[in-house]
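Peer 1: Last residue of the sequence shown: number 347 in UniProt numbering, and the count goes up by one each step with no gaps. In this text, a Cβ means the ideal position worked out from N, Cα and C, and glycines have one as well. Being a predicted model, the structure only gives us computed values, none of them experimental.
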Amino acid sequence: MVHQKRDFDLLKAECTSDPLVDHVHHRIPVITTFDTPHVDESVDLLAPDRLIRVLASVPARAFTAAPHATIATIARAREQGTTICLEIGEDHDHSLALLSIVEPDVIITAPQLLRTPASAAAAKVVHSIAAHVERSHAVVIAEGVHDERARAVAETIGATYGIGDLYPALSVPDLLAEPVAPMPPTPVWTAPDVGTTTPFALATRNGIARRGTKHLLIEMSKTLEAQATSLGSPMVAVGTFQHARHFTVATAARWQAMGDEIGFAGVYGAGISVFRDGNVHRAPLDPDDPLVHEWTVAIVGPHFSALIAARDLHDNGPDLERTFDFVQTFDRTTVTQAIRSVLQRFP
């Protein structure tokens with residue numbers, strides 16, 4: 001299936017050389033969508049000198065299978081002016097968890113959402129999409145708009161564009177005779193890129209650090225983890241624990257429970273082995289990385305964001321009495337940037 005998707009994306013890129021594109025690309029937007037794993041290869045095949053708008057589509061399965069590589073691909077695509085698109089389908093919990101990290105310019109909803117608009121699952125999707133659109137002005141496209149009823153439901157969930165039988169393909173003359181409502185320019189608002197940095201450095205830009213013991217930080221972290229778990233909403237959580245020995249059996253159990261509830265949890269530290277257990281992804285930090293001197297718990301979702309970022313003062317004494325400078329923030333931009341600063345460290 002992976003090879004079929006790649007071949008299909010490459011075929012779509014080649015189709016931009018079709019003579020029909022010559023007739024329309026100066027009058028109406030020509031959009032082509034590629035999955036993020038193939039976007040670099042596909043864009044290289046696009047017909048030159050055509051006004052082609054490229055959408056890099058982020059399937060939830062791509063992120064859950066390779067979160068760090070997907071984040072890196074999205075960053076490269078954005079630098080090249082590519083529109084970022086997130087699909088929200090049957091696995092909507094994983095997709096909704098990614099809204100705040102991917103910050104898509106375009107959201108495409110699957111046809112089944114239009115078939116069950118009054119369900120609790122659909123309501124969760126609608127709330128999450130509305131929160132993201134209000135912050136970013138992203139465009140929502142509904143798939144499966146086959147009749148007027150489906151169109152009405154699509155408008156109810158916040159879609160402004162539709163794909164389906166109600167909008168059949170037209171010949172070029174008929175297409176050019178229609179009034180054109182172009183999609184808004186991109187990118188929509190996203191958290192500014194901050195390059196290589198650490199969560200503590202980000203949090204102290206506007207926050208004043210306080211001093212506390214490791215024992216206090218553990219209890220604060222546990223409270224934040226429990227709050228995220230109890231919300232039961234799709235979210236992304238990232239934790240850095242300095243060294244593998246600090247990620248204890250009890251901590252691992254809490255993060256496993258949280259990952260099961262929220263959709264994605266990343267755990268990092270020097271000496272931690274690369275490992276995935278359900279929704280929990282583990283990876284090692286380079287021992288020379290400045291992040292090894294920090295303790296981080298960062299959580300973000302459509303309706304919630306929080307960060308504890310602490311820097312070890314490396315004083316002597318019992319482990320639980322070691323002191324840290326720390327900052328708390330609930331600013332969504334800072335939390336998002338902090339999570340990305342961790343995820344972007346990995347290929």
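I need the boundaries of the beta strand (DSSP E) containing Ile299, first residue and last residue.
Peer 2: Glu294 to Gly301
Peer 1: DSSP on Phe200, reduced to helix/strand/coil?
Peer 2: In the structure shown, Phe200 falls within a helical segment according to DSSP collapsed to helix, strand and coil.
Peer 1: Within 10 Å of its beta-carbon, does Phe264 have 16 or more other beta-carbons around it, so buried, or fewer, so exposed?
Peer 2: Residue burial annotation: Phe264 is buried, with at least 16 other C-beta atoms found within 10 angstroms of its C-beta.
Peer 1: Is Asn279 buried or exposed, if buried means 16 or more other CB atoms sit within 10 Å of its CB?
Peer 2: buried
Peer 1: Touch check for the segment 256-271 and the segment 322-330: three-plus C-beta pairs under 8 Å?
Peer 2: no
Peer 1: Flag this pair as touching only if the segment 207-218 and the segment 102-112 have three or more C-beta atom pairs under 8 Å; answer yes or no.
Peer 2: no
Peer 1: Within its chain, find whatever has a CB closer than 7 Å to the CB of Thr160; leave out the 5 residues flanking it on each side and keep chain order.
Peer 2: Val139 and Val140
Peer 1: Please report the residue range of the beta strand (DSSP E) in which Glu87 lies.
Peer 2: Thr83 to Ile88
Peer 1: Which residues mark the beginning and the end of the beta strand (DSSP E) in which His94 is found?
Peer 2: Counting along the chain, His94 falls outside any beta strand (DSSP E), though it belongs to the alpha helix (DSSP H) covering His92 to Val102.
Peer 1: What separation, rounded to the nearest whole angstrom, lies between the Cα atoms of Ser273 and Pro284?
Peer 2: Their backbone Cα atoms lie some 6 Å apart in a straight line.
Peer 1: Within 8 Å, do at least three Cβ pairs link the segment 144-151 to the segment 163-179?
Peer 2: yes
Peer 1: Starting from the C-beta of Trp189, find all residues in its chain whose C-beta is less than 6 Å away, skip the five residues before and the five after it, and write them out in chain order.
Peer 2: Ser136
Peer 1: Given this structure, state the Cα-to-Cα distance separating Glu154 from Leu113, to the nearest angstrom.
Peer 2: The question names Glu, but residue 154 in the sequence shown is Ala. Ala154 and Leu113: Cα-Cα distance of roughly 9 Å.
Peer 1: What are the boundary residues of the beta strand (DSSP E) that Gln80 is part of?
Peer 2: Looking at the DSSP string, Gln80 is not in any beta strand (DSSP E), and its letter there is neither H nor E.
Peer 1: Going by C-alpha to C-alpha distance, which of Ala253, Gly195 and Val238 sits closest to Glu294?
Peer 2: Val238
Peer 1: Where does Leu166 fall in DSSP's three states?
Peer 2: coil
Peer 1: Rounded to the nearest angstrom, what separates Arg53 and Thr83 at their Cα positions?
Peer 2: 8 Å
Peer 1: Where do the N-terminal and C-terminal ends of the alpha helix (DSSP H) with Ser128 fall, by residue?
Peer 2: Ala120 to Ser136
Peer 1: How do the segment 240-247 and the segment 75-82 stand: do at least 3 beta-carbon pairs fall below 8 Å, yes or no?
Peer 2: For the pair of segments examined, the segment 240-247 was found not to touch the segment 75-82: the number of CB pairs separated by less than 8 Å stays below three.
Peer 1: Give me the Cβ distance between Val292 and Ala270, rounded to the nearest whole Å; I'm assuming they're in contact under 8 Å.
Peer 2: 5 Å
Peer 1: Pick out the complete alpha helix (DSSP H) segments inside the UniProt domain "DICT" (213-312), 4 residues or longer, and give them in chain order.
Peer 2: Correct list: 214-231 and 249-262.
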